[in-house]
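Q:
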Amino acid sequence: MVIAKLSHSHHSLESEKPVNLLWTGGWDSTFRLMQLLLVEKVAVQPYYIIDYRRESIGMEFKSMRYLRKKITETYPETRKLLLPTIHSELESINPDKQITESYLKITTYRHLGDQYDWLTRFCKQHNIGKIEIAIEKFLDHNELSIFPYLYNPDDYPTFKKPDYYDIVKPELDFLFGYFKIPLKDTTKPMMLQYAREKGWMNEIMDKTWFCYRPTRLNLPCGLCKPCEQVMDIRFGWRIPLHRRGLYYLRKWKRRIF
């Protein structure tokens, strides 16, 4: 199982430096946090970028506070390993012409979320050599086209490298040179299986947050992109039944119209 291989990374060699991790209280980053703390048994320095434009910011903070408390209470050995989260406002990140121009060049050929621009600038500004970001293994080959060099081609025999890849490879190498992507060979269903085996699901992994537009009752909306992704991979149990109905209704309308 791929996840088992991940648990024997170089971090297990008792490195004195904590592992830098972008932690949002979401499924992927919390899974990686649990791996680092309980399997690799290394200190973790979480980072969180405050973006006031995000409607989910309140729920993300709430989830992280809860998860930190639950993890350290359930596993007392993590109290010394889980360092206080370093928060930084998005607006405080300095501009960097080289980074932004590299990002924009990539986006002329393929969509790439703006977080890769500002997160790279953040790492450079604060001299963070490497930060782990929790990107799962892509099931959609189309999504791979921006990251082909991160994956083992043998795992994707039908994948064809896009024509523009060689044009933007220097920019990709530059931006992603600041990141480590330890979950790149791991899918959410694989994480679910592993978390169940380790006993991480109850009151920890099932309390992670993902919805961009929580309802007034602080429930997942069922309609935003993360909610759609959750439903598409059959993780619908994470969304209340009546909100799941909205997802199916919209899907039905798209087919009709």
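Heads up: take any position in the sequence shown, counting from 1, add 1, and you land on my numbering.
Every residue, glycine too, gets a C-beta built ideally from N, C-alpha and C.
All values reported here derive from a predicted model rather than from experimental measurement.
1. Can you look up E90 in the DSSP assignment and give me helix, strand or coil?
2. Report the rounded CA-to-CA distance for P221 versus I240, giving the unit in angstroms.
3. Taking the continuous beta strand (DSSP E) assigned at P47, which residues delimit it?
4. Between which two residues does the beta strand (DSSP E) harbouring V20 extend?
5. By how many angstroms is the C-alpha of R235 removed from the C-alpha of P96?
6. Just to confirm my understanding: we take L37, look at its own chain, exclude 5 residues before and 5 after, and list those with CB closer than 6 Å. What are they?
7. Considering only the beta carbon of each residue, do W210 and M35 sit closer than 7 Å?
8. Can you tell me where the alpha helix (DSSP H) holding A196 begins and where it ends?
9. Would you kindly work out how many angstroms separate the C-alpha atoms of H11 and D174, rounded to a whole number?
10. In its own chain, which residues sit with a C-beta less than 6 Å from the C-beta of L105, not counting the 5 before and 5 after it?
11. By the 10 Å Cβ neighbour count, where 16 or more other Cβ atoms means buried, how is L176 classified, buried or exposed?
12. Quick one: residues in its chain with C-beta nearer than 7 Å to the C-beta of S30, no 5 flanking neighbours on either side, listed in chain order?
13. Is I58 helix, strand or coil when you go by DSSP?
14. Using 7 Å as the limit for Cβ to Cβ distance, is T188 near chain C?
15. With a CB to CB cut of under 6 Å and the five nearest residues on each side skipped, what residues in its chain are close to Y179?
16. State the CB to CB distance for the pair Y48 and I87, rounded to an integer number of angstroms; the pair is presumed to be in contact (CB under 8 Å).
17. Taking just the CA atoms, how far does Y117 sit from S8?
18. Across which residues does DSSP place W81 in a beta bridge pair?
19. Who does K42 pair with in a DSSP beta bridge?
20. Cutting at 7 Å between CB atoms, please list the residues of its own chain near S64, excluding the five before and the five after it.
21. Considering I168, what are the terminal residues of the alpha helix (DSSP H) in which it resides?
22. Grouping DSSP H, G and I as helix and E and B as strand, with all else coil, what is L247?
A: A quick look at the data gives this:
1. Here E90 carries a strand assignment [DSSP, helix/strand/coil].
2. C-alpha of P221 to C-alpha of I240: approximately 6 Å in a straight line.
3. In the DSSP assignment, P47 falls within the unbroken beta strand (DSSP E) covering V45 to I51.
4. Per DSSP, the unbroken beta strand (DSSP E) holding V20 starts and ends at V20 to L23.
5. Cα-Cα distance, rounded: 40 Å.
6. Correct list, in chain order: V20, V43 and V45.
7. No, they are not a contact pair.
8. In the DSSP assignment, A196 falls within the alpha helix (DSSP H) that extends over K189 to K199.
9. The predicted position of H11 is uncertain, since its pLDDT is 49 and thus under 50; a value taken from the coordinates is nonetheless stated next. Rounded to whole angstroms, the separation of the alpha carbons of D174 and H11 is 22 Å.
10. Scanning its chain for C-beta atoms nearer than 6 Å, with the 5 sequence neighbours on each side dropped, one finds no residue around L105.
11. By the 10 Å Cβ count, L176 comes out buried.
12. Around S30: L22, L23, W24 and A135.
13. For I58, the three-state secondary structure derived from DSSP is helix.
14. Structure shown: chain C not included; a single protein chain is present.
15. A distance below 6 Å between beta-carbons, with the five flanking residues on each side excluded, links Y179 to the following residues of its chain, in chain order: T121 and C124.
16. Contact between Y48 and I87 is confirmed by a C-beta separation of about 5 Å, below the 8 Å threshold.
17. The predicted model places S8 with a pLDDT of 42, which falls under 50 and marks its position as unreliable; any figure quoted below should be read in that light. In a straight line, the C-alpha of S8 is about 26 Å away from that of Y117.
18. Per the sequence shown, residue 81 should be read as Lys rather than Trp. DSSP output for K81 lists no bridge partner at all.
19. According to DSSP, K42 bridges with nothing at all.
20. Leaving aside the five residues that flank S64 on each side, the residues in its chain whose CB is nearer than 7 Å to its CB run, in chain order, G26, K208, T209 and W210.
21. That run of the alpha helix (DSSP H) goes Y166 to F177.
22. Judged by DSSP in its simplified three-state form, L247 adopts helix.
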